[in-house]
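Trainee: Encoded as structure tokens, here's the structure I'll be asking about.
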Amino acid sequence: MLTLTCPCCGIRAEETELHPGGEAHLVRIGPEGDDAAFESYLFARRNVKGVHFERWRHAYGCGKWFLAARCTATLQVFGTYSAQTTHPPAEIVDAIRAARPDWTPDWTSDWTTP
Amino acid sequence: MPAAPRSGRYSVFAIAREALRHHSGWTRAWADPAPRDRYKVIVVGAGGHGLATAYYLGKNFGITDVAVIEKGWLGGGNTGRNTTIIRSNYLQDPSAAIYEKSRSLYETLSQDLNYNIMFSPRGLIMLAQTEHEIRGYKRTVYANNLQGVSTEWLDPQQLKAKVPILNLDGPRYPVLGGLYQARGGTARHDAVAWGYARACSDMGMHIIQNCEVTGVRTEGGQVRGVTTSKGEIGCDKLAIVVAGHSSQLAEMAGFRLPIESVALQALVSEPIKPCMDVVVMANTVHGYLSQSDKGEMVIGGGTDGFNNFTQRGSWQHVEETVRALIETFPMLSRLKMLRQWGGIVDMTGDRSPILSTTPVGGIFVNCGWGTGGFKAIPGSGWAMAELVAKGTPGPLAEGFGLNRFREGRFIDESVAAGVAH
Ligand SMILES: Cc1cc2nc3c(=O)[nH]c(=O)nc-3n(C[C@H](O)[C@H](O)[C@H](O)COP(=O)(O)OP(=O)(O)OC[C@H]3O[C@@H](n4cnc5c(N)ncnc54)[C@H](O)[C@@H]3O)c2cc1C
Ligand SMILES: [Zn+2]
Numbered sequence: 001m002l003t004l005t006c007p008c009c010g011i012r013a014e015e016t017e018l019h020p021g022g023e024a025h026l027v028r029i030g031p032e033g034d035d036a037a038f039e040s041y042l043f044a045r046r047n048v049k050g051v052h053f054e055r056w057r058h059a060y061g062c063g064k065w066f067l068a069a070r071c072t073a074t075l076q077v078f079g080t081y082s083a084q085t086t087h088p089p090a091e092i093v094d095a096i097r098a099a100r101p102d103w104t105p106d107w108t109s110d111w112t113t114p
Numbered sequence: 001m002p003a004a005p006r007s008g009r010y011s012v013f014a015i016a017r018e019a020l021r022h023h024s025g026w027t028r029a030w031a032d033p034a035p036r037d038r039y040k041v042i043v044v045g046a047g048g049h050g051l052a053t054a055y056y057l058g059k060n061f062g063i064t065d066v067a068v069i070e071k072g073w074l075g076g077g078n079t080g081r082n083t084t085i086i087r088s089n090y091l092q093d094p095s096a097a098i099y100e101k102s103r104s105l106y107e108t109l110s111q112d113l114n115y116n117i118m119f120s121p122r123g124l125i126m127l128a129q130t131e132h133e134i135r136g137y138k139r140t141v142y143a144n145n146l147q148g149v150s151t152e153w154l155d156p157q158q159l160k161a162k163v164p165i166l167n168l169d170g171p172r173y174p175v176l177g178g179l180y181q182a183r184g185g186t187a188r189h190d191a192v193a194w195g196y197a198r199a200c201s202d203m204g205m206h207i208i209q210n211c212e213v214t215g216v217r218t219e220g221g222q223v224r225g226v227t228t229s230k231g232e233i234g235c236d237k238l239a240i241v242v243a244g245h246s247s248q249l250a251e252m253a254g255f256r257l258p259i260e261s262v263a264l265q266a267l268v269s270e271p272i273k274p275c276m277d278v279v280v281m282a283n284t285v286h287g288y289l290s291q292s293d294k295g296e297m298v299i300g301g302g303t304d305g306f307n308n309f310t311q312r313g314s315w316q317h318v319e320e321t322v323r324a325l326i327e328t329f330p331m332l333s334r335l336k337m338l339r340q341w342g343g344i345v346d347m348t349g350d351r352s353p354i355l356s357t358t359p360v361g362g363i364f365v366n367c368g369w370g371t372g373g374f375k376a377i378p379g380s381g382w383a384m385a386e387l388v389a390k391g392t393p394g395p396l397a398e399g400f401g402l403n404r405f406r407e408g409r410f411i412d413e414s415v416a417a418g419v420a421h
């Protein structure tokens, strides 16, 4: 069973307490966005086989949203972090790199650059 | 091209002949060729949908210069992992059209393929266990009758007569009625893959197993071929039919799909004497049930909520499914469960499939069947073959293009079915 530590209240929560919320760090389109940008924001998911950043809600705990870095091919969890950020913090990146030396972050492509 | 070895016609005479010579004369059902340098059409994925696509390319359009490339063994994906429910009682018109085409093709598929796929139209019931479901299923019955799909509404007593092991009284979710499709049922999943594979091989097509596609070669926005674990293979047209790995293949070709991959599980009990001769789905509690010919109760539930490629689901979902089902089927509580497994299903936002052209010329996708595509194999292959052969969708595939997401023209079956098996 998947267990994640909620960074908001510090509790190590198991899956039945949590609600998955899909891919994290999606950039909301602004008024200048065209149809393609809107479609991509709503539907075009990375659906990565490997390192995945995703939203979770501690539904039957503190009720707050947070983010997690997890491998969808092995179910390994690299860490959880606050939802109030546009990209994963350095310690999460380090944790992923330690476990997956060939992994490179790609948030220069379509994530906002730090 | 050397002629492929023919597998010989299966018949009662063939069985009698072989019985007299110690079954020494059966030949391989399909050939195991090395890949050629290029094919007119490459289909990636030898699940039911990929094999059916190849079969109807040959049968309906005379295109037999086809390879079906499979990273594992044919039928080893979701096609060999599902609970084999076949029905066509969908709400929206485009869905009813393609699923009913599929169901009707299943009726004669054993004869068409000369391979017993054990289609068993034993009847299918969807239980209504809330007021909302009563309204929803009655609406579906009316819609189905307008679409030419024969379904009817049954009251609790009629259901009890058909399914004596049903507990009508709840307490949490009483049985309030149900939608009944008399020509719904099941078929043998492996046999569907094997029957199509044998027919494709007999037409001279290549089914190349243990061959993973690792790259897609394009030039000037047009497909040129694929890179595989057995080398480069060229093609004029490429059909991507890989269910849970659709996003990965699309990424190789340079585009994204509105798909997320999650695990769906099923389990079977020890075999018991015949006790239920219809398929029963209880969508409110996310459980569905049929009895196999061997006597096992075949049980399926809901998907996991998070992205997953491990073919392993969460234990808690098995628990949820079983907990819900034993209220409605109390006798299940005495059964031992024998096996449990998972598959990676390709989910779209509107819970409807994608049969579509793509941003790359010559590449077509067939995916998004999610938790409910076994029933669709013949109809999907039929429609996909037309799309690949002509380059534009025919009437069955028309509504299921990728452009529906941009245009907000969804074929919403998520509200209609809740669970979409
Ligand atoms: C537990 C469970 C229960 C289900 N119950 C039902 C049900 O009762 N009724 C129903 O209608 N549907 C049901 N389904 C859904 C149904 O199984 C699927 O929709 C259907 O089988 C999909 O068929 P497919 O041919 O598209 O995919 P698959 O059978 O998964 O075939 C895709 C193939 O592509 C191959 N592949 C992937 N990547 C590559 C690559 N890079 N190179 C080469 N090959 C590759 C895979 O190895 C696989 O064999 C269920 C699914 C599951 C998991
Ligand atoms: Zn919390």
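Protein chains in written order, with the UniProt record's numbering: chain A, 1 to 114; chain B, 1 to 421.
Backbone N, C-alpha and C fix where the C-beta goes; we use that ideal spot for every residue, glycine too.
Using only alpha-carbon positions, find the residue among B:163, B:134 and B:211 that is nearest to residue 179 (chain B).
Mentor: B:134
Trainee: Taking just the CA atoms, how far does residue 111 (chain B) sit from residue 117 (chain B)?
Mentor: 9 Å
Trainee: Would residue 67 (chain A) pass as an interface residue toward chain B - the criterion being a Cβ-Cβ separation below 7 Å?
Mentor: no
Trainee: Does the count of Cβ pairs from the segment 39 to 52 of chain B and the segment 64 to 80 of chain B closer than 8 Å reach three?
Mentor: yes
Trainee: Does at least one heavy atom of ligand 2 sit under 6 Å from the Cβ of residue 61 (chain A)?
Mentor: yes
Trainee: Could you pull out every residue in the same chain whose Cβ sits closer than 6 Å to the Cβ of residue 70 (chain A), ignoring the five residues on either side in sequence?
Mentor: 52 and 77
Trainee: Taking only beta-carbon atoms, is residue 32 (chain A) less than 7 Å away from chain B?
Mentor: no
Trainee: For the alpha helix (DSSP H) containing residue 195 (chain B), name the first residue and the last one.
Mentor: 189 to 202
Trainee: Is the beta carbon of residue 19 (chain A) within less than 6 Å of some heavy atom of ligand 2?
Mentor: no
Trainee: Within 10 angstroms of the Cβ of residue 94 (chain A), are there 16 or more other Cβ atoms? Answer buried if so, exposed if not.
Mentor: exposed
Trainee: Tell me whether residue 8 (chain A), by its Cβ, gets closer than 6 Å to a heavy atom of ligand 2.
Mentor: yes
Trainee: I'd like to know whether the C-beta of residue 10 (chain B) is nearer than 7 Å to at least one C-beta of chain A.
Mentor: no
Trainee: Would a check of beta-carbon distances place residue 111 (chain A) closer than 7 Å to chain B?
Mentor: Since pLDDT at residue 111 (chain A) reaches only 44, below the 50 mark, its modelled position is unreliable, and the value read off the structure follows with that caveat. False, the Cβ-Cβ gap to chain B never drops below 7 Å.
Trainee: In this structure, how does DSSP classify residue 36 (chain B) when only helix, strand and coil are distinguished?
Mentor: coil
Trainee: Below 7 Å on C-beta distance, what does residue 349 (chain B) contact in chain A?
Mentor: 43
Trainee: Can you tell which of B:294, B:298 and B:278 has the C-alpha that lies nearest to the C-alpha of residue 287 (chain B)?
Mentor: B:298
Trainee: Determine the chain A residues that contact residue 256 (chain B) at a beta-carbon separation under 9 Å, and present them in chain order.
Mentor: 40, 43, 44, 45, 46 and 47
Trainee: Leaving out five residues before and five after residue 100 (chain B) in sequence, what residues of the same chain have Cβ atoms less than 6 Å from its Cβ?
Mentor: Cβ neighbours of residue 100 (chain B) beyond the five flanking positions: 88 and 149.
Trainee: Since residue 340 (chain B) sits in a beta bridge, which residues does DSSP pair it with?
Mentor: B:267
Trainee: Quick check: is any heavy atom of ligand 1 less than 6 Å from the C-beta of residue 242 (chain B)?
Mentor: yes
Trainee: Does any residue of chain A have a CB that is nearer than 7 Å to the CB of residue 340 (chain B)?
Mentor: no
Trainee: Taking C-alpha atoms, which residue in A:86, A:3 and A:9 lies nearest to residue 18 (chain A)?
Mentor: A:3
Trainee: So is the beta-carbon of residue 374 (chain B) under 6 Å away from any non-hydrogen atom of ligand 1?
Mentor: At least one heavy atom of ligand 1 is nearer than 6 Å to the Cβ of residue 374 (chain B), so yes.
Trainee: Between residue 263 (chain B) and residue 312 (chain B), how many whole angstroms is the CB-CB distance? I'm expecting something under 8 Å.
Mentor: Their Cβ separation, rounded to whole angstroms, is 6 Å, which keeps residue 263 (chain B) and residue 312 (chain B) in contact under 8 Å.
Trainee: Can you tell me which residues form a DSSP beta bridge with residue 237 (chain B)?
Mentor: B:41, per the DSSP bridge assignment.
Trainee: What is the DSSP secondary structure of residue 26 (chain B), reduced to helix, strand or coil?
Mentor: Residue state, collapsed to three classes: coil.
Trainee: Apply the 10 Å Cβ neighbour rule to residue 42 (chain B) and answer buried if 16 or more other Cβ atoms are within range, or exposed otherwise.
Mentor: buried
Trainee: Could you confirm whether any beta carbon from chain D is found closer than 7 Å to the beta carbon of residue 358 (chain B)?
Mentor: This model lacks chain D altogether; the protein chains it does include are A and B.
Trainee: Find the residues of chain A that neighbour residue 261 (chain B), judging by a C-beta separation of less than 9 Å, and give them in chain order.
Mentor: 47, 49 and 72
Trainee: Rounded to whole angstroms, what is the Cα-Cα separation between residue 308 (chain B) and residue 49 (chain A)?
Mentor: Approximately 8 Å between the Cα atoms of the pair.
Trainee: Mind pulling the alpha helix (DSSP H) runs of 4 or more residues that sit fully within the segment 61 to 125 of chain B?
Mentor: 93 to 107 and 109 to 113
Trainee: Apart from the five residues on each side of it in sequence, which residues of its chain come closer than 7 Å, Cβ to Cβ, to residue 143 (chain B)?
Mentor: Here the set comprises 91.
Trainee: Report the neighbours of residue 308 (chain B) on chain A: residues whose CB is nearer than 8 Å to its CB, in chain order.
Mentor: Listed by position along chain A, the residues whose Cβ is nearer than 8 Å to that of residue 308 (chain B) are 72 and 75.
Trainee: Which full runs of the alpha helix (DSSP H) of 4+ residues lie inside the segment 238 to 302 of chain B, going along the chain?
Mentor: 246 to 253
Trainee: Does residue 411 (chain B) come out as helix, strand or coil in the three-state DSSP assignment?
Mentor: Reduced to three states, the DSSP call for residue 411 (chain B) is coil.
Trainee: Answer with buried or exposed for residue 403 (chain B), where buried requires no fewer than 16 other C-beta atoms within 10 angstroms of its C-beta.
Mentor: exposed
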